[in-house]
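Structure first, commentary second.
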Amino acid sequence: MGLFDIFKRQDKSKSETEKSATPTDFKTQLDIVEKDVFIKLKPLGFKKNGRTFNRRLDDGIIQVINFQSGQYPIGQGYEIPGLRENLYGKFVINLGVCIESLYKFQFPTEDKKYYKEYDCQIRSRLGTLLTGQDHWWTITDDNTEITQEIIEGIETKAFEWFWGLDTKAKIISNNGQLPYDATPRAKLDIALIVWFDDKVKGSELFKDYYHNIQPAKSSHKEYVKDLAQELKIEL
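In terms of the numbering used here, the sequence shown opens at residue 96 and continues consecutively.
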């Protein structure tokens with residue numbers, strides 16, 4: 096064995112050591128988790144677009160599951176304990192329900208084939224349903240247990256959450272109620288959903304929402320007043 100072969104072997108050994116010490120490739124590992132989860136969701140009617148899955152139901156309701164990864168921290172002062180955490184290398188799973196008729200009413204010029212989690216009128220997170228608080232999973236080089244935990248969580252807690260919102264009737268009854276925590280605006284969304292099918296009942300709900308807006312003078316109340324004029328609802 097010549098001197099060249101010795102150096103070649105040493106370079107190879109060094110290369111293997113550096114490779115084994117390479118930090119986790121967060122994007123690649125998250126892709127693997129996402130792929131394994133989608134294998135379970137695809138037969139149930141979910142379609143994939145990027146890191147977001149959609150399932151379209153009757154009544155114009157779209158169920159949304161989204162993988163969101165933590166942002167790369169920019170600058171030394173990015174992390175502020177208790178205020179702004181460093182979530183790089185972690186991910187969270189967002190859940191949402193979009194009422195398409197309501198979305199198109201609010202954004203008439205948009206024509207979407209897929210809906211993002213932030214398009215949804217009703218939202219939650221899988222980690223919150225599982226633990227009672229916001230929960231981000233940490234990406235590692237072996238995410239087998241995490242993947243199984245997520246699949247089981249979706250099949251139980253997430254689908255149970257979705258079930259309570261899979262028809263307009265359920266949304267009208269449940270939106271804004273536990274476990275569907277929402278802003279007070281949920282009542283406006285319900286008024287509009289009802290109004291699409293029943294102008295008299297929907298108008299009554301709309302007026303009730305308007306008169307209970309606090310504070311009495313606010314930009315939101317002005318917005319609702321303008322909306323009433325557009326819909327020809329007498330306040």
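The beta-carbon is built from N, C-alpha and C at its ideal position, and this holds for glycine as well.
Quick one, are the C-beta atoms of residue i and residue j less than 8 angstroms apart?
| i | j | result |
| --- | --- | --- |
| I246 | V132 | yes |
| R331 | V192 | Since the first and last residues shown for the chain are 96 and 330, residue 331 lies out of range. |
| L287 | L197 | yes |
| F148 | I157 | no |
| L224 | A253 | yes |
| R218 | L190 | yes |
| N307 | I127 | no |
| I241 | W232 | yes |
| R150 | F162 | no |
| G183 | G165 | Sequence check: residue 183 is Tyr here, not Gly. Their beta carbons are under 8 angstroms apart, which means Y183 touches G165 by this criterion. |
For residue i, count the other beta carbons within 10 Å of its own beta carbon; 16 or more makes it buried, fewer makes it exposed. Which is it?
| i | result |
| --- | --- |
| A281 | buried |
| Q228 | exposed |
| N234 | For the sequence presented, residue 234 should be read as Ile rather than Asn. It is buried - the Cβ of I234 has at least 16 other Cβ atoms within 10 Å. |
| A116 | Bear in mind that a pLDDT of 35 at A116, under 50, signals an unreliable position, so the number given afterwards is only what the model happens to contain. Result: exposed. |
| Q216 | buried |
| D321 | exposed |
| D214 | buried |
| D284 | buried |
| E301 | Before going further, note that residue 301 is Phe rather than Glu in the sequence given. Buried, by the Cβ-count rule. |
| E325 | exposed |
| P203 | exposed |
| L273 | exposed |
| N270 | buried |
| S268 | exposed |
| L125 | buried |
| Y173 | Only weak support exists for where Y173 lies, its pLDDT of 47 falling under 50; the value from the coordinates is given anyway. Burial call: exposed. |
| V295 | exposed |
| G145 | exposed |
| E329 | exposed |
| W256 | buried |
| S298 | buried |
| I194 | buried |
In terms of residues, what are the limits of the beta strand (DSSP E) holding residue i?
| i | result |
| --- | --- |
| G191 | K185 to I194 |
| F142 | Note that residue 142 is Lys in the sequence shown here, rather than Phe. Note, K142: beta strand (DSSP E), K142 to N144. |
| Q163 | I156 to S164 |
| L152 | T147 to L152 |
Which stretch, first to last residue, makes up the alpha helix (DSSP H) that contains residue i?
| i | result |
| --- | --- |
| F133 | F121 to L136 |
| I246 | T239 to G248 |
| I288 | A281 to D292 |
| Q272 | Looking at the DSSP string, Q272 is not in any alpha helix (DSSP H), and its letter there is neither H nor E. |
| L322 | S314 to L326 |
| E329 | Careful: E329 lies outside any alpha helix (DSSP H) and carries neither H nor E. |
| F257 | F254 to W258 |
So, does the CB of residue i fall closer than 8 angstroms to a CB anywhere in chain C?
| i | result |
| --- | --- |
| I288 | No chain C appears in this structure, which consists of one protein chain only. |
> Which full runs of the beta strand (DSSP E) of 3+ residues lie inside the stretch 204 to 233, going along the chain?
Replying inline: The stretch 204 to 233 contains these whole beta strand (DSSP E) runs: 217 to 220.
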